[in-house]
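S.K.: The following block contains the structure, expressed as C-alpha cells.
2 protein chains.
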Amino acid sequence: MLELRNKQFLIDCGEGTQIRMRQMGLKNNHLGHIFISHLHGDHCFGLMGLISTFGMLSHTSDIHIHAHSDLEKLLQPQLNYFCEKLPFQVIFHPINPSAHEIIYEDRTIQVSSIPLKHRVPCCGFLFKEKAGDRHIKRDMIDFYNVPVWQIGKIKQGADFTTEEGEIIPNDILTLPPTPPIRFAYCSDTAYSEKIIPIIEGVDLLFHEATFMEGELPRAKATMHSTARQAGEIAKKANVKKLIIGHYSARYSLKSDLLNEAKQVFEHTVLGEDMTSYEF
Amino acid sequence: MLELRNKQFLIDCGEGTQIRMRQMGLKNNHLGHIFISHLHGDHCFGLMGLISTFGMLSHTSDIHIHAHSDLEKLLQPQLNYFCEKLPFQVIFHPINPSAHEIIYEDRTIQVSSIPLKHRVPCCGFLFKEKAGDRHIKRDMIDFYNVPVWQIGKIKQGADFTTEEGEIIPNDILTLPPTPPIRFAYCSDTAYSEKIIPIIEGVDLLFHEATFMEGELPRAKATMHSTARQAGEIAKKANVKKLIIGHYSARYSLKSDLLNEAKQVFEHTVLGEDMTSYEF
Chain W
1 MLELRNKQFL IDCGEGTQIR MRQMGLKNNH LGHIFISHLH GDHCFGLMGL ISTFGMLSHT
61 SDIHIHAHSD LEKLLQPQLN YFCEKLPFQV IFHPINPSAH EIIYEDRTIQ VSSIPLKHRV
121 PCCGFLFKEK AGDRHIKRDM IDFYNVPVWQ IGKIKQGADF TTEEGEIIPN DILTLPPTPP
181 IRFAYCSDTA YSEKIIPIIE GVDLLFHEAT FMEGELPRAK ATMHSTARQA GEIAKKANVK
241 KLIIGHYSAR YSLKSDLLNE AKQVFEHTVL GEDMTSYEF
Chain Z
1 MLELRNKQFL IDCGEGTQIR MRQMGLKNNH LGHIFISHLH GDHCFGLMGL ISTFGMLSHT
61 SDIHIHAHSD LEKLLQPQLN YFCEKLPFQV IFHPINPSAH EIIYEDRTIQ VSSIPLKHRV
121 PCCGFLFKEK AGDRHIKRDM IDFYNVPVWQ IGKIKQGADF TTEEGEIIPN DILTLPPTPP
181 IRFAYCSDTA YSEKIIPIIE GVDLLFHEAT FMEGELPRAK ATMHSTARQA GEIAKKANVK
241 KLIIGHYSAR YSLKSDLLNE AKQVFEHTVL GEDMTSYEF
C-alpha cells in the first residue's frame with residue numbers, strides 16, 4: 001500500500017491482503033486505484049475478498065483496477081456472482097505490460113508502467129509526484145508589497161513588477177518547490193537492465209529478491225532476481241534507497257538476503273510484512 | 001479441518017485458509033476432500049490459493065470439491081488460467097443443499113448433507129464413522145481354541161461352534177466395537193429445528209453463533225443464529241458437545257457469546273482460530 005498526497009494506491013493484492021490491512025489498522029477510505037503487476041495468484045488472489053469486504057464496510061468510491069486485460073475476464077463473473085449490490089463500481093483499466101507508458105494521472109500524481117521480464121506478461125509501476133508550486137518567502141512578499149492576486153503566478157515562477165516598474169526576479173520572492181517523490185515497484189522480474197533508464201534516481205525502489213546468488217540458475221529459470229542483482233540494479237540506476245522483498249520461503253534468515261544486496265548497494269532495507277517505510 | 005481415521009476433510013475454505021494451515025503446521029498430504037457449505041466469499045475465497053499452492057508443494061492426490069454446482073462454473077476458468085499444470089486433478093461433486101443425502105462414503109466414513117436455512121442455498125455436513133469390528137477377548141479366544149481363520153467372522157458378530165458341537169455366543173468372545181464418532185457442522189444458518197433429527201446425539205456439533213440475543217432481529221434478517229439459539233439446538237438434539245463460532249466482528253468479548261450459549265447448554269466450547277479440539 002503506497003500512501004502519497006493523501007491518496008492510497010494498492011500495488012498487487014495477494015491472498016490475505018484485506019486481513020493484513022485490517023491488522024495494520026489501514027483505513028480504505030482513500031483507496032481508489034489498484035495496480036496489478038501480473039496474473040500470478042500471489043499477486044491477485046486477494047482481490048475478490050478485498051472488494052467484497054469493501055462492499056460490506058460502506059466503502060462508496062469506485063475501485064479502479066489497472067491490470068492485464070485477462071483479469072477482467074477472470075474476475076467479472078465472480079464479481080457478478082458474489083458482489084451483486086456493491087455500493088461502488090469496479091472499473092478495469094487494461095495495461096499493456098510491454099510498454100512504458102502513463103497509465104494513471106491526476107492533479108498531483110502520475111503512474112507509468114515499467115516493462116519487466118517474467119514468465120507471464122508483467123510490469124512494474126513508477127509513481128511520480130508532479131512538481132508542486134514554488135514556496136513564497138513571506139518576508140519578501142511583504143517587503144515588496146506584492147498584492148494577493150499576484151501570489152498564484154509568482155508561486156508558478158513569474159517575476160514581480162513593482163508600481164515603480166522595478167522587476168523583482170522570482171528567485172528573490174520564492175524558494176524552489178519541494179522535490180517530487182518518485183517510487184518504483186519492480187516485481188516479479190528477472191535481472192533486466194532495460195528498466196534502469198526508467199527508474200534512474202528514484203527516491204525509493206522496491207525490487208524483488210526471490211533468491212540469493214547460490215540459486216542463480218533457479219532465479220534465471222523461474223525469471224526471478226537474486227538479492228545481489230536487486231542491489232546491482234539499484235546501484236546502476238543510482239536510486240536513493242532500495243527495499244528488497246518477495247523472498248523464497250527457503251530463506252529462514254532474511255538478513256542473509258539483506259547482506260548480499262548490501263554488499264553491492266549500501267542503502268538497502270529488508271522489506272518485511274506488516275511494516276511501514278517512510279520517504 | 002476435520003481429522004478422522006487418518007484422513008483430512010476440509011470444511012469451507014475462506015480467504016487465508018492455506019496461510020492458517022501453514023501457521024498451524026498442518027500437512028496437507030491426507031487432504032483429498034473439501035466440503036463447501038455455500039457460495040459466500042468467507043466460505044470459498046481461499047480455494048484458488050489453496051489449490052494453487054498445493055500444486056507447487058508436490059501434493060499429488062486428487063482434490064475433490066463437494067459444493068453447489070455453481071462453484072465449478074466460477075472456479076474452473078480460474079483453475080484453467082492459474083493452475084495449468086497441476087500434478088493432481090480437481091474434481092467437482094455437485095451437492096443438492098436442500099436434501100439430506102449421502103455425498104461421500106469410503107470404507108470407514110460416511111458424509112451426508114444437512115439442509116440449512118440461509119440467504120443462499122446452504123447445507124451443513126454430518127460426518128459418521130462407520131461401525132468398526134467387535135473387539136475379540138484374547139483370553140476367551142485362547143480358552144476355546146478358536147482357529148485363526150474364524151477370527152474375522154467372530155469380529156463381525158458370528159458365534160463359534162467348538163469341535164464338540166458346543167455353540168459359544170459371540171458376546172462371550174468379543175466386546176462391542178468402539179462407538180463410531182459423529183460430527184455435525186452447521187454454518188451458516190438461521191435457527192432451524194428441522195436439523196435436530198439429523199444431528200440427534202452427535203459427539204460434537206459445530207453450530208454458528210453469529211449474534212447474541214440482543215441482535216435477534218438482525219440474526220433473523222440475515223438468516224444467522226444467536227448463541228442462545230445454538231445452545232437450544234444442541235440441547236434439543238441432545239448432542240454431547242457444542243462448539244460455537246462464526247461470530248460477528250462486533251463482539252470483542254467472545255466470552256459473552258459463550259456464556260449466552262452455556263445458559264442453555266452447559267457443554268459448550270468457544271470456537272477459536274488456530275485451535276484444535278479433540279473428540
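So the sequences go chain by chain: W and Z. At the far end of the first sequence sits residue 279, using this note's numbering, and the numbering has no gaps. At the far end of the second sequence sits residue 279, using this note's numbering, and the numbering has no gaps. The beta carbon of each residue, even a glycine, is placed where N, CA and C say it ideally should be. Here the structure is a predicted model, which means the values were calculated and not measured.
1) Does the separation of the CB atoms of Z/Lys240 and Z/His267 fall below 9 Å?
2) Can you give me the C-alpha to C-alpha distance between Z/Leu242 and Z/Pro77, rounded to a whole angstrom?
3) Check whether chain Z comes within 9 Å of W/Gly245, counting only Cβ atoms and requiring the distance to be less than that.
4) So that I know if they touch, is there some Cβ in chain Z lying closer than 9 Å to that of W/Phe143?
5) Using a C-beta cutoff of 9 Å, does Z/Leu10 count as contacting chain C?
6) What first and last residue would you give for the beta strand (DSSP E) that runs through W/Ser52?
7) Per the DSSP calculation, W/Gln110 is bridged to which residue(s)?
8) What's the gap between the Cα of W/Gly201 and the Cα of W/Arg218?
9) Mapping DSSP to helix, strand and coil, what is Z/Ile95?
10) Anyone know if the C-beta pair for W/Phe54 and W/Phe9 falls short of 9 Å?
11) What are the residues in the stretch 49-68 of chain W lying within 7 Å of chain Z by C-beta distance?
12) Is there at least one Cβ from chain W nearer than 9 Å to Z/Leu204's Cβ?
13) How do the stretch 159-166 of chain W and the stretch 222-229 of chain W stand: do at least 3 beta-carbon pairs fall below 8 Å, yes or no?
14) Measure the alpha-carbon distance for Z/Gly231 versus W/Tyr81 and round it to whole angstroms.
15) Run down chain Z in chain order and give the residues with a C-beta less than 7 Å from the C-beta of W/Lys78.
16) Between the alpha carbons of Z/Lys85 and Z/Met56, how many angstroms are there, rounded?
17) Write down the C-beta distance between W/Val187 and W/His246 rounded to the nearest angstrom, noting that I regard them as a contact closer than 8 Å.
18) Considering just the uninterrupted stretch of the alpha helix (DSSP H) at Z/Thr17, what are its terminal residues?
19) Cutting at 8 Å between CB atoms, please list the residues of its own chain near Z/Pro177, excluding the five before and the five after it.
20) Can you give me the Cβ contacts of Z/Leu31 inside the same chain, cut-off strictly under 7 Å, excluding the 5 residues immediately before and after it?
21) May I have the straight-line CA-CA distance separating Z/Ser113 from W/Met21, to the nearest angstrom?
22) What does a CB cutoff of less than 7 Å around Z/Lys117 pick up in its chain, not counting 5 residues either side in sequence?
23) Please identify, using Cβ separations under 9 Å, the residues of the stretch 80-104 of chain W that lie next to chain Z, in order along the chain.
24) Taking the beta carbon of W/Gln18 as the centre, do at least 16 other beta carbons fall within 10 Å, making it buried, or is it exposed?
25) Rounded C-beta distance between W/Tyr277 and W/Val264? I'm assuming under 8 Å.
26) Any idea if Z/Asp142 is buried or exposed, counting beta-carbon neighbours within 10 angstroms, 16 or more meaning buried?
27) Could you name the residues of chain Z that W/Ile19 contacts, counting a contact when the two beta carbons are closer than 8 Å?
28) How is Z/Phe143 classed by DSSP in three states: helix, strand or coil?
29) When you compare the CB positions of Z/Gly41 and W/Glu15, do they come within less than 9 Å of one another, or not?
30) I want to see whether chain Z comes within less than 9 Å of W/Leu26, judged by CB atoms only; does it?
31) Please report whether the beta-carbon of W/Phe45 lies at a distance below 9 Å from any beta-carbon of chain Z.
32) Given a limit of 8 Å on CB to CB distance, which residues of the stretch 153-164 of chain W reach chain Z?
33) Tell me the DSSP secondary structure of Z/Leu205 in three-state form.
34) So, is the C-beta of W/His267 closer than 9 Å to a C-beta in chain Z?
35) If we count the other Cβ atoms within 10 Å of its Cβ and call it buried at 16 or more, is W/Ala234 buried or exposed?
36) Just curious, the alpha helix (DSSP H) that Z/Ala190 is in, first and last residue?
M.R.: On the basis of the data shown:
1) For the purposes of this step, residue 240 of chain Z is taken as residue 240 along the second sequence, with counting starting at 1. For the purposes of this step, residue 267 of chain Z is taken as residue 267 along the second sequence, with counting starting at 1. Against a cut-off of 9 Å, the Cβ pair of Z/His267 and Z/Lys240 comes out as a contact.
2) The sequence position of residue 242 of chain Z within the second sequence is 242, counting from 1. The sequence position of residue 77 of chain Z within the second sequence is 77, counting from 1. The straight-line gap from Cα to Cα measures roughly 39 Å.
3) As a first step, residue 245 of chain W is located in the first sequence; it is residue number 245 there, counting from the start. No, no contact with chain Z.
4) For the purposes of this step, residue 143 of chain W is taken as the residue at position 143 of the first sequence. Taking Cβ atoms only, chain Z never reaches closer than 9 Å to W/Phe143, which makes this a no.
5) This model lacks chain C altogether; the protein chains it does include are W and Z.
6) Here residue 52 of chain W refers to the residue found at position 52 when the first sequence is read from its first residue. From DSSP, W/Ser52 is part of no beta strand (DSSP E) but of the alpha helix (DSSP H) over 47-56.
7) Working through the first sequence from its first residue, we reach residue 110 of chain W at position 110. Partner(s): W/Glu105, W/Lys128.
8) Your numbering for residue 201 of chain W matches position 201 in the first sequence. Your numbering for residue 218 of chain W matches position 218 in the first sequence. Each residue's Cα considered, the two are about 30 Å apart.
9) The sequence position of residue 95 of chain Z within the second sequence is 95, counting from 1. Here Z/Ile95 sits in coil by DSSP.
10) By 1-based counting over the first sequence, the position of residue 54 of chain W is 54. By 1-based counting over the first sequence, the position of residue 9 of chain W is 9. Contact: no.
11) Gly49, Ser52
12) As a working mapping, residue 204 of chain Z is identified with position 204 in the second sequence. No, because no Cβ of chain W sits closer than 9 Å to the Cβ of Z/Leu204.
13) no
14) Position 231 of the second sequence holds residue 231 of chain Z. Position 81 of the first sequence holds residue 81 of chain W. Distance between the alpha carbons of Z/Gly231 and W/Tyr81: 33 Å.
15) Translated into positions along the first sequence, residue 78 of chain W becomes position 78. Here residue 78 of chain W turns out to be Gln, not Lys, going by the sequence shown. The answer, in chain order, is Leu74.
16) Position 85 of the second sequence, counted from the start, is the residue given in the question as residue 85 of chain Z. Position 56 of the second sequence, counted from the start, is the residue given in the question as residue 56 of chain Z. Cα to Cα, Z/Lys85 sits roughly 10 Å from Z/Met56.
17) In the first sequence, the residue the question calls residue 187 of chain W occupies position 187. In the first sequence, the residue the question calls residue 246 of chain W occupies position 246. Sequence check: residue 187 of chain W is Ser here, not Val. That belief holds up - the Cβ atoms of W/Ser187 and W/His246 are roughly 5 Å apart, short of 8 Å.
18) Here residue 17 of chain Z is taken as the residue at index 17 of the second sequence, counted from 1. Segment 17-23, the alpha helix (DSSP H) holding Z/Thr17.
19) The count along the second sequence starts at 1 and reaches residue 177 of chain Z at position 177. The residues are Ala131, Gly132, Asp133, Arg134, His135.
20) In the second sequence, the residue the question calls residue 31 of chain Z occupies position 31. Closer than 7 Å at the Cβ level, and outside the excluded window around Z/Leu31, lie Gln8, Leu10.
21) Here residue 113 of chain Z refers to the residue found at position 113 of the second sequence. Here residue 21 of chain W refers to the residue found at position 21 of the first sequence. Cα to Cα, Z/Ser113 sits roughly 36 Å from W/Met21.
22) Residue 117 of chain Z sits at position 117 when you count from the first residue of the second sequence. So the qualifying residues of the chain are Thr189, Ala190, Ser192, Met223.
23) Tyr81, Phe82, Cys83
24) Numbered from its first residue, the first sequence carries residue 18 of chain W at position 18. Buried, because 16 or more other Cβ atoms sit within 10 Å of the Cβ of W/Gln18.
25) Numbered from its first residue, the first sequence carries residue 277 of chain W at position 277. Numbered from its first residue, the first sequence carries residue 264 of chain W at position 264. 20 Å between Cβ atoms; not a contact.
26) Sequence index remark: in the second sequence, residue 142 of chain Z carries index 142 (1-based). Exposed: under 16 other Cβ atoms inside 10 Å.
27) As a first step, residue 19 of chain W must be located in the first sequence, where it is residue number 19. Going along chain Z in sequence order, the residues near W/Ile19 (Cβ under 8 Å) are Glu15, Gly16.
28) Numbered from 1 along the second sequence, position 143 holds the residue referred to as residue 143 of chain Z. Reduced to three states, the DSSP call for Z/Phe143 is helix.
29) One-based indexing of the second sequence puts residue 41 of chain Z at position 41. One-based indexing of the first sequence puts residue 15 of chain W at position 15. Result no, Cβ atoms of Z/Gly41 and W/Glu15 do not sit closer than 9 Å.
30) For this step, residue 26 of chain W is matched to residue 26 along the first sequence. Not closer than 9 Å to any Cβ of chain Z, the Cβ of W/Leu26 fails to qualify, so no.
31) Residue numbering aside, residue 45 of chain W sits at position 45 when the first sequence is read from its first letter. Closer than 9 Å to some Cβ of chain Z, the Cβ of W/Phe45 qualifies, so yes.
32) none
33) What you label residue 205 of chain Z is simply residue 205 of the second sequence in a count that begins at 1. Strand.
34) Here residue 267 of chain W refers to the residue found at position 267 when the first sequence is read from its first residue. Taking Cβ atoms only, chain Z never reaches closer than 9 Å to W/His267, which makes this a no.
35) Position 234 of the first sequence, counting from 1, holds the residue named residue 234 of chain W. Looking at its Cβ environment, which holds 16 or more other Cβ atoms inside 10 Å, W/Ala234 is buried.
36) Here residue 190 of chain Z refers to the residue found at position 190 when the second sequence is read from its first residue. Per DSSP, Z/Ala190 belongs to no alpha helix (DSSP H) and is neither H nor E.
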